[in-house]
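Shown next, in C-alpha cells, is the structure this report addresses.
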Amino acid sequence: MSKSTVTNVNKVSLKSRQIRKKRKTVIHVPGLSKSECLCEPPADTNVNQNDEEDAHITVPEWRLHKVQSPIVLKHDETNQYDHFEPLEFHGHWDEGGDATLSNNGFTATLRFQNREPPVLLGGPLHDDQYVFEQLHFHWGGDDHSGCEHIFEGQAYSMEAHAVHFNKKYASFKAAADKHDGLAVVAFFLKATDDDEHPCFNKMTEAVKKIVKVDSTTSVPSDCLTWIKEEAQCKGYYTYQGSLTTEPYTESVTWILYTTPIHVSRQQVSEFRNMKSTACEQHNIVKNVRPIQTPPVHKKLDIIYARSHRKSSE
24 MSKSTVTNVN KVSLKSRQIR KKRKTVIHVP GLSKSECLCE PPADTNVNQN DEEDAHITVP
84 EWRLHKVQSP IVLKHDETNQ YDHFEPLEFH GHWDEGGDAT LSNNGFTATL RFQNREPPVL
144 LGGPLHDDQY VFEQLHFHWG GDDHSGCEHI FEGQAYSMEA HAVHFNKKYA SFKAAADKHD
204 GLAVVAFFLK ATDDDEHPCF NKMTEAVKKI VKVDSTTSVP SDCLTWIKEE AQCKGYYTYQ
264 GSLTTEPYTE SVTWILYTTP IHVSRQQVSE FRNMKSTACE QHNIVKNVRP IQTPPVHKKL
324 DIIYARSHRK SSE
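So the sequence shown is residues 24 to 336, counted in our numbering.
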C-alpha cells in the first residue's frame with residue numbers, strides 16, 4: 024500500500040471517529056425531541072432540527088388507516104346506545120396495598136403494588152375483563168389547552184387516562200398491539216379560581232415530591248377517589264382508537280366521561296413544575312398530542328351510552 028493510500032485511510036478513520044464522537048454527545052430525553060433539550064452540549068455540536076422531529080406528536084399519513092386518537096367529539100354525530108351492561112369499576116378506590124406516583128420526564132404516572140389490581144368490565148368491553156395498569160395525566164401551558172380530546176368545541180385544563188389491559192393477554196406488553204388489547208378511561212379536569220378538590224390533593228401533594236425526572240413518591244392507596252363520582256354517572260362516549268403516545272397502536276377502546284371534574288388553578292399548576300430533563304432546565308409544560316383527523320373516507324363510529332345502570336362501587 025502506498026504512502027498516499029495509507030494517509031487517505033487514516034484521514035477517513037479519523038473522520039469516522041469524530042462523527043461517532045459527535046453522535047454520542049446528543050442526549051435524547053424521553054418525551055422530548057433532540058431539538059428541545061441538549062444537556063450541556065459541546066460548543067461545536069450541531070443538532071439537525073429535522074432529525075426525529077417530535078416523534079411523539081407527528082404521525083405519518085399512512086398511520087391513519089383506521090382511527091388515531093385523540094379526536095373531536097360532537098354529541099350530534101354519535102350513535103346513542105341504551106343496551107350496554109353497566110360499566111363496572113372494581114377496586115379502583117379501595118384502600119390497601121401501595122400506590123406510587125412517578126415522573127418519567129413526560130408525565131406523572133400512578134401505579135399500584137402489593138394489592139389485587141383494579142378491574143374494569145361491562146359496558147362496551149363485553150365479556151372481557153381489563154386490568155388496571157396505570158393512570159397518567161396530560162396538561163398544557165395554560166388552563167385552557169391541557170386536554171387531548173375535544174368535546175363540543177370545549178378544551179379543558181387537563182385530561183387523566185386510566186389505562187387497562189385485557190386480562191386474556193396476561194400483560195400490558197402482550198396486549199398493547201391487539202385490536203381489543205387496551206381500554207382507557209378518560210376524565211377531563213377543569214381549573215377554576217376557587218374549586219380546590221380535597222380528594223385530588225392526594226395527587227397534587229405527591230406531585231410536589233416528584234419535581235425531578237425519574238423520581239417516585241408514595242401516595243395514599245385510595246388516591247383515585249376523585250374520579251369516583253364521575254365514573255358512576257350514566258353517560259359516557261366510547262370509540263375504537265389508538266394510544267396517544269408511542270407507538271400509537273390502534274388497540275384502545277376509549278371510554279370518555281365528558282363532565283369535567285373541578286379542581287383549582289393551583290392544583291393544575293403543580294404539574295407544570297415537574298422537570299422533563301435531568302439537567303432540570305426544562306419543565307413539562309405541555310404533553311398533549313394534537314387532534315388527529317381521520318381520512319376523508321373514514322367515518323368515526325362513536326357511541327354514546329346514555330342509560331346503563333349505575334356503575335359498580
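Ideal Cβ positions, reconstructed from N, Cα and C, are used throughout, including at glycine.
Since the structure is predicted, the reported quantities are computational estimates derived from the model, not experimental observations.
Q) Taking the alpha carbon of Ser92 as the point to measure from, which residue in His167, Leu144, Ala328 and Ser274 has its own alpha carbon closest? A) Selected option, being the one with the closest Cα: Ser274.
Q. Below 7 Å between beta carbons: does that hold for Trp277 and Tyr262?
A. Yes, the Cβ-Cβ distance between Trp277 and Tyr262 is below 7 Å.
Q) In this structure, does DSSP put Phe210 in helix, strand or coil? A) Correct three-state label for Phe210: strand.
Q | Cβ-based neighbour list, Pro83, same chain, cut-off 6 Å, excluding 5 preceding and 5 following | A | Only weak support exists for where Pro83 lies, its pLDDT of 43 falling under 50; the value from the coordinates is given anyway. So no residue of the chain qualifies.
Q. Just to confirm, are Thr272 and Leu279 a CB contact at a threshold of 7 Å?
A. No.
Q: Starting from Val158, follow its DSSP beta bridges and name the residues at the other end.
A: For clarity, residue 158 is Leu in the given sequence; the question names Val instead. Looking at the DSSP assignment, Leu158 forms a beta bridge with Leu133 and Ala185.
Q: With DSSP collapsed to three states, give me the class of His113.
A: Residue state, collapsed to three classes: strand.
(Q) On a Cα-Cα basis, can you pick out the residue from Leu133, His161 and Asp217 that is closest to Arg295? (A) The option with the nearest alpha carbon to Arg295 is His161.
**Q.** Element boundaries [alpha helix (DSSP H), containing Ser292]
**A.** Note, Ser292: alpha helix (DSSP H), Arg288 to Arg295.
(Q) Measuring straight from C-alpha to C-alpha, what distance separates Ala199 and Lys89? (A) In this model, Ala199 and Lys89 are separated by some 16 Å (Cα to Cα).
**Q.** Range of the contiguous alpha helix (DSSP H) that encloses Ala197
**A.** Run containing Ala197: Phe195 to Ala198, per the alpha helix (DSSP H) assignment.
Q: Specify the secondary structure class of Asn224 as computed by DSSP and reduced to three states.
A: Note: Asn224 maps to helix in three-state DSSP.
Q. Three-state secondary structure (DSSP) at Ile173?
A. Correct three-state label for Ile173: strand.
Q) Hey, out of Tyr192, Phe211, Glu228 and Ile326, whose CA is closest to His167's CA? A) Nearest C-alpha to His167: Phe211.
Q: Sort out for me which residues DSSP pairs Lys298 with in a bridge.
A: Note: Lys298 sits in a beta bridge opposite Asn306.
Q) Which stretch, first to last residue, makes up the beta strand (DSSP E) that contains Ala328? A) Segment Ile326 to Ala328, the beta strand (DSSP E) holding Ala328.
Q: Could you check if Val193 is buried or exposed, using at least 16 other CB atoms within 10 Å of its CB as the buried criterion?
A: Here residue 193 is Ala; the residue named in the question, Val, does not match the sequence. Ala193 counts as exposed, since fewer than 16 other beta carbons sit within 10 angstroms of its beta carbon.
Q. Near Ala178, what residues of its chain come up, given a Cβ to Cβ distance below 7 Å and the 5 sequence neighbours on each side ignored?
A. Apart from the 5 residues on each side of it in sequence, Ala178 sits with its Cβ closer than 7 Å to the Cβ of His167, Ser168 and Cys170 in its chain, given in chain order.
Q: In the DSSP assignment, find the beta strand (DSSP E) that holds Ala122 and state where it starts and stops.
A: Ala122 -> beta strand (DSSP E) spans Asp121 to Asn126.
Q | Pairwise C-alpha distance: Glu100 and Val242 | A | In a straight line, the C-alpha of Val242 is about 40 Å away from that of Glu100.
Q.
Am I right that Ala206 and Leu133 are in contact with their C-beta atoms under 8 Å? What's the rounded C-beta distance?
A. Rounded to the nearest angstrom, the Cβ distance from Ala206 to Leu133 is 17 Å, too far for a contact under 8 Å.
Q) Considering only residues of the same chain and omitting the five flanking positions on each side of His172, which have a CB-CB separation below 7 Å? A) Here His172 has Pro93, Ile94, Leu96, Glu182, Ala209 and Leu279 as same chain residues with Cβ atoms under 7 Å from its own Cβ, once five neighbours each way along the sequence are excluded.
Q: Tell me whether Ile284 sits in a helix, a strand or coil according to DSSP, three-state version.
A: In the structure shown, Ile284 sits in a strand (DSSP, three-state: E or B).
Q | Pairwise C-alpha distance: Ile326 and Asp117 | A | Just so you know, the alpha carbons of Asp117 and Ile326 end up roughly 30 Å apart.
Q | Closest by C-alpha distance to Gly264, when choosing among Lys298, Asp245 and His202 | A | Checking every option, the nearest Cα to that of Gly264 belongs to His202.
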